[in-house]
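A.B. asks: Once you've had a glance at the structure underneath, I'll fire off some questions.
Chains as they are written, first to last, in our numbering: chain E, 1 to 163; chain W, 164 to 326; chain Z, 327 to 489; chain A, 490 to 652.
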């Protein structure tokens with residue numbers, strides 16, 4: 001059946017507009033990243049939206065959920081801005097069952113030199129193949145259940161919730 | 164307890180010597196790659212050797228095995244040249260139990276622009292956390308049991324053995 | 327005597343702040359770029375300021391001019407944001423004589439993958455060695471007298487003023 | 490009339506063959522480098538050959554000379570391996586007049602991360618526009634007359650001949 005990579009935007013896919021000096025979205029880099037990783041998984045890539053996760057609305061989250069539900073794949077990687085990744089994970093956890101969904105993102109745009117994106121994509125695609133149904137966050141080489149994690153904004157890392 | 168990354172060389176760590184125009188080994192890039200991946204796993208890095216896997220001897224494989232056996236960690240990622248990765252996996256499978264060992268490598272040196280190394284490292288570090296004890300090869304986003312895989316040298320990819 | 331590289335900021339030296347998702351200045355990349363270019367010129371690097379050229383004030387321009395005047399070097403490369411590079415060139419032309427001053431910049435930050443910065447730096451350092459005293463803009467492989475050039479903002483390139 | 494970039498191979502254009510682990514030539518990277526440098530010069534690119542300069546023959550040098558002589562352009566940049574760049578320069582100096590020819594190269598292939606190629610190309614394209622007729626070597630940010638330079642092989646840099 002293969003894996004669905006559902007693209008929603010986030011830092012992952014931001015680019016530098018050399019005419020305006022601003023960051024913007026053009027198109028997803030996922031295909032290029034899969035090529036660079038010499039990925040041989042059966043992967044379908046679908047861009048649901050291209051937004052900064054700080055600007056993601058409830059309607060956007062419903063769209064992401066609908067995409068996950070209707071997908072034939074039961075293993076789904078969602079690329080997402082890190083700021084509200086956990087909020088979206090919560091919506092997905094409430095609305096799906098029997099699917100393994102792994103959200104991942106990047107702290108630095110892939111198009112820039114020093115991105116963690118390729119590392120995170122390799123990580124998320126691996127976790128999604130072996131973890132049981134549920135919704136997870138894969139960042140920093142780690143994988144958390146959606147309700148056991150928080151983003152430490154001052155360090156820029158994801159960490160376990162204290163018990 | 165954390166994860167051991169056991170470095171043995173391979174394409175992963177090759178560099179370009181600008182005085183001779185040859186490829187050579189200087190030191191491992193694993194620390195830099197973990198930093199780039201913003202990795203927050205508890206990882207110990209140990210360089211057992213720095214060799215081209217085509218030149219790896221039986222004695223080298225015994226050294227790698229000894230390092231795996233004596234390591235306190237039960238989750239081990241071995242970075243290795245792709246040409247003889249499966250041979251080493253066989254030695255490790257014969258000599259270890261109750262450890263999860265994932266071998267990975269790269270088709271292009273990390274120091275060059277277009278390497279799959281960071282993707283593979285993210286993948287291997289993820290598989291090693293969740294798979295049961297055994298010896299595996301993680302390449303191309305996939306993970307194979309050591310005795311269910313072959314390298315397709317003409318394509319440069321790893322693939323399942325036909326049943 | 328050597329060459330002075332006078333740093334003022336600009337796109338050249340912008341970086342991505344992974345905690346805020348904004349572009350900012352940390353420190354100049356000129357030393358790293360000279361190392362990458364295996365530059366063997368006698369070069370002194372001085373950071374006069376680190377500002378976006380859209381925010382550069384008249385006082386800033388006077389500071390740049392003062393730095394050029396007091397420098398013992400008679401060959402000076404000024405790294406500068408492209409938006410107001412020509413305004414600064416005009417101030418330098420009015421206030422200096424007997425020095426060759428070449429302003430250059432970049433359309434994409436050096437720290438990002440696809441920057442023109444290294445090309446432009448190689449170009450500016452070359453022109454400054456051979457051109458007679460005067461103030462010039464070196465961009466896009468070309469070199470213009472300061473009063474014979476305009477920035478075409480919609481194309482993101484510098485071009486000759488029509489006669 | 491514009492500038493001719495005459496490609497002969499050299500480290501500049503070497504690539505890593507991920508199937509064999511060897512360095513090889515595929516096609517020139519000059520077009521990509523000119524694009525990266527946002528170069529707006531009128532440049533024609535012609536690949537005369539793609540060889541390692543250690544393997545360049547007298548016949549190859551005659552071919553390069555013939556290409557320079559028959560070119561309508563009077564400003565020519567020759568990309569060349571550094572090991573025998575000066576030998577080729579000597580042949581060009583003996584066989585041309587009234588043309589400005591600048592040879593340049595790289596210590597590290599452009600396709601690898603840490604290449605000096607883009608810096609050198611920016612430099613050579615600048616020197617060729619302003620220097621009088623003659624044959625020159627542009628490396629390390631410097632420009633030497635062909636008969637006033639030697640390659641210091643142990644440092645990997647070009648330096649002035651002692652007087």
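We put the beta carbon where it would ideally sit given N, CA and C, even for glycine.
Tell whether a beta-carbon distance below 8 Å holds between residue 81/E and residue 52/E.
C.D. replies: Position 81 of the first chain, counted from the first residue, corresponds to residue 81/E. Position 52 of the first chain, counted from the first residue, corresponds to residue 52/E. Cβ atoms of residue 81/E and residue 52/E: closer than 8 Å.
A.B. asks: Does the separation of the CB atoms of residue 208/W and residue 194/W fall below 8 Å?
C.D. replies: Position 45 of the second chain, counted from the first residue, corresponds to residue 208/W. Position 31 of the second chain, counted from the first residue, corresponds to residue 194/W. Contact flag set, yes.
A.B. asks: Excluding the 5 residues flanking residue 262/W on each side, which residues of the same chain have their C-beta closer than 7 Å to its C-beta?
C.D. replies: Within the second chain, numbered from 1, the residue matching residue 262/W stands at position 99. The residues are 231, 237, 239 and 296.
A.B. asks: To which residues does DSSP link residue 492/A through a beta bridge?
C.D. replies: On the fourth chain, position 3 is the one that residue 492/A refers to. DSSP output for residue 492/A lists 532/A and 564/A as bridge partner(s).
A.B. asks: Please look up how many angstroms separate the CB atoms of residue 390/Z and residue 346/Z, rounded, as I've assumed it's under 8 Å.
C.D. replies: Residue numbering aside, residue 390/Z sits at position 64 when the third chain is read from its first letter. Residue numbering aside, residue 346/Z sits at position 20 when the third chain is read from its first letter. That pair is no contact at about 28 Å.
A.B. asks: Among 607/A, 604/A and 639/A, whose alpha-carbon lies nearest the alpha-carbon of residue 652/A?
C.D. replies: What you label residue 652/A is simply residue 163 of the fourth chain in a count that begins at 1. When the alpha-carbon of residue 652/A is set against those of 607/A, 604/A and 639/A, the nearest one is in 639/A.
A.B. asks: Restricting to Cα atoms, I'd like to know which of 167/W, 324/W, 175/W and 179/W is closest to residue 597/A.
C.D. replies: Locating residue 597/A in the fourth chain gives position 108, where the first residue counts as 1. The candidate whose alpha carbon is nearest that of residue 597/A is 179/W.
A.B. asks: Count the other C-beta atoms from every protein chain shown that fall within 10 angstroms of the C-beta of residue 411/Z, then say buried if there are 16 or more, exposed otherwise.
C.D. replies: Counted from its first residue, the third chain places residue 411/Z at position 85. Label assigned to residue 411/Z: buried.
A.B. asks: Applying the 10 Å Cβ sphere with the 16-neighbour rule, what's the burial state of residue 205/W?
C.D. replies: Within the second chain, residue 205/W is the residue found at index 42, counting from 1. The Cβ neighbour count for residue 205/W, taken over all protein chains shown within 10 Å, is under 16; the residue is labelled exposed.
A.B. asks: To the nearest angstrom, report how far apart residue 363/Z and residue 302/W are at their CA atoms.
C.D. replies: Here residue 363/Z refers to the residue found at position 37 of the third chain. Here residue 302/W refers to the residue found at position 139 of the second chain. Going by the C-alpha atoms only, they are around 35 Å apart.
A.B. asks: Hey, does residue 169/W have any beta-carbon neighbour from chain E nearer than 8 Å?
C.D. replies: Here residue 169/W is taken as the residue at index 6 of the second chain, counted from 1. It does not: the Cβ of residue 169/W has no partner Cβ on chain E nearer than 8 Å.
A.B. asks: Can you have a look at residue 608/A and say buried or exposed, based on whether 16 or more other CB atoms are within 10 angstroms of its CB?
C.D. replies: In the fourth chain, counting from the first residue as 1, residue 608/A sits at position 119. Counting Cβ neighbours within 10 Å, residue 608/A comes out buried, since at least 16 surround it.
A.B. asks: State the DSSP-derived secondary structure class of residue 648/A, mapped to helix, strand or coil.
C.D. replies: Position 159 of the fourth chain, counted from the start, is the residue given in the question as residue 648/A. Here residue 648/A sits in strand by DSSP.
A.B. asks: Verify whether the separation of the beta carbon atoms of residue 242/W and residue 268/W is less than 8 Å.
C.D. replies: Here the question's residue 242/W lines up with position 79 in the second chain. Here the question's residue 268/W lines up with position 105 in the second chain. Cβ atoms of residue 242/W and residue 268/W: closer than 8 Å.
A.B. asks: Check the Cβ-Cβ distances between residue 508/A and every residue of chain W, and say whether any is below 8 Å.
C.D. replies: Your numbering for residue 508/A matches position 19 in the fourth chain. It does; some Cβ of chain W falls within 8 Å.
A.B. asks: For residue 645/A and residue 374/Z, what's the separation of their Cα atoms in angstroms?
C.D. replies: Translated into positions along the fourth chain, residue 645/A becomes position 156. Translated into positions along the third chain, residue 374/Z becomes position 48. Residue 645/A and residue 374/Z: Cα-Cα distance of roughly 33 Å.
A.B. asks: Going by DSSP in three states, residue 683/A sits in which element: helix, strand or coil?
C.D. replies: With chain A covering 490 to 652 only, the question about residue 683/A has no answer from this structure.
A.B. asks: Residue 39/E to residue 304/W, Cα distance in whole Å?
C.D. replies: As a position in the first chain, residue 39/E is number 39, starting the count at 1. As a position in the second chain, residue 304/W is number 141, starting the count at 1. Answer to the nearest angstrom: the Cα atoms are 5 Å apart.
A.B. asks: Using the Cα positions of residue 452/Z and residue 57/E, report the straight-line distance between them to the nearest angstrom.
C.D. replies: Your numbering for residue 452/Z matches position 126 in the third chain. Your numbering for residue 57/E matches position 57 in the first chain. The straight-line gap from Cα to Cα measures roughly 52 Å.
A.B. asks: Verify the CB distance criterion: does residue 444/Z have a CB-CB separation below 8 Å to chain A?
C.D. replies: Within the third chain, numbered from 1, the residue matching residue 444/Z stands at position 118. Closer than 8 Å to some Cβ of chain A, the Cβ of residue 444/Z qualifies, so yes.
A.B. asks: Flag this pair as yes or no: are the beta carbons of residue 474/Z and residue 487/Z separated by less than 8 Å?
C.D. replies: Here the question's residue 474/Z lines up with position 148 in the third chain. Here the question's residue 487/Z lines up with position 161 in the third chain. Yes, they are a contact pair.
A.B. asks: So the candidates are 328/Z, 439/Z and 337/Z; which of them puts its Cα closest to the Cα of residue 381/Z?
C.D. replies: In the third chain, the residue the question calls residue 381/Z occupies position 55. Closest by alpha carbon: 337/Z.
A.B. asks: From which residue to which residue does the alpha helix (DSSP H) around residue 187/W run?
C.D. replies: Residue 187/W sits at position 24 when you count from the first residue of the second chain. First-last for residue 187/W: 186-188, but that is the beta strand (DSSP E), not the alpha helix (DSSP H).
A.B. asks: Can you look up residue 108/E in the DSSP assignment and give me helix, strand or coil?
C.D. replies: As a working mapping, residue 108/E is identified with position 108 in the first chain. In the structure shown, residue 108/E sits in coil (DSSP, three-state: anything other than H, G, I, E or B).
A.B. asks: Around the C-beta of residue 657/A, are 16 or more other C-beta atoms found within 10 angstroms, so that it is buried, or is it exposed?
C.D. replies: Lying before the first or after the last residue shown, residue 657/A is absent from chain A, which here runs from 490 to 652.
A.B. asks: Anything in the stretch 358-392 of chain Z with a Cβ closer than 7 Å to a Cβ of chain A? List those residues in chain order, please.
C.D. replies: Going along the stretch 358-392 of chain Z in chain order, one finds 362, 363, 364, 365, 366 and 367 with a Cβ nearer than 7 Å to chain A.
A.B. asks: Would you say residue 142/E lies against chain W (beta-carbon separation less than 8 Å)?
C.D. replies: Here residue 142/E is taken as the residue at index 142 of the first chain, counted from 1. Yes, its Cβ sits closer than 8 Å to a Cβ of chain W.
A.B. asks: Within 10 angstroms of the Cβ of residue 491/A, are there 16 or more other Cβ atoms? Answer buried if so, exposed if not.
C.D. replies: For the purposes of this step, residue 491/A is identified with residue 2 of the fourth chain, where counting begins at 1. Under this definition residue 491/A is an exposed residue.
A.B. asks: Let me know if residue 340/Z comes out buried or exposed under the rule of 16 or more other beta-carbons within 10 Å of its beta-carbon.
C.D. replies: Counting from one through the third chain, the residue named residue 340/Z turns up at place 14. Buried, since its Cβ has 16 or more Cβ neighbours within 10 Å.
A.B. asks: Is DSSP giving residue 131/E helix, strand or coil here?
C.D. replies: Translated into positions along the first chain, residue 131/E becomes position 131. In this structure, residue 131/E counts as coil in the three-state DSSP scheme.
A.B. asks: In terms of residue numbering, what span does the beta strand (DSSP E) encompassing residue 166/E cover?
C.D. replies: Residue 166/E lies beyond the residue range present for chain E, which begins at 1 and ends at 163; the question has no answer from this structure.
A.B. asks: Within 10 Å of its beta-carbon, does residue 387/Z have 16 or more other beta-carbons around it, so buried, or fewer, so exposed?
C.D. replies: Here residue 387/Z is taken as the residue at index 61 of the third chain, counted from 1. Result: buried.
A.B. asks: From the DSSP output, which residues share a beta bridge with residue 264/W?
C.D. replies: Here residue 264/W refers to the residue found at position 101 of the second chain. Paired residue(s): 239/W and 298/W.
A.B. asks: Going by beta-carbon coordinates alone, are residue 626/A and residue 647/A separated by less than 8 Å?
C.D. replies: The residue labelled residue 626/A in the question sits at position 137 within the fourth chain. The residue labelled residue 647/A in the question sits at position 158 within the fourth chain. Yes, these two residues count as a Cβ contact at 8 Å.
A.B. asks: Classify residue 497/A as helix, strand or coil using the three-state DSSP reduction.
C.D. replies: By 1-based counting over the fourth chain, the position of residue 497/A is 8. In this structure, residue 497/A counts as strand in the three-state DSSP scheme.
A.B. asks: Give every residue of the same chain whose Cβ lies closer than 6 Å to the Cβ of residue 298/W, excluding the five residues on either side of it in the sequence, and list them in chain order.
C.D. replies: Within the second chain, the letter at position 135 stands for residue 298/W. Correct list, in chain order: 252, 255, 256, 264 and 309.
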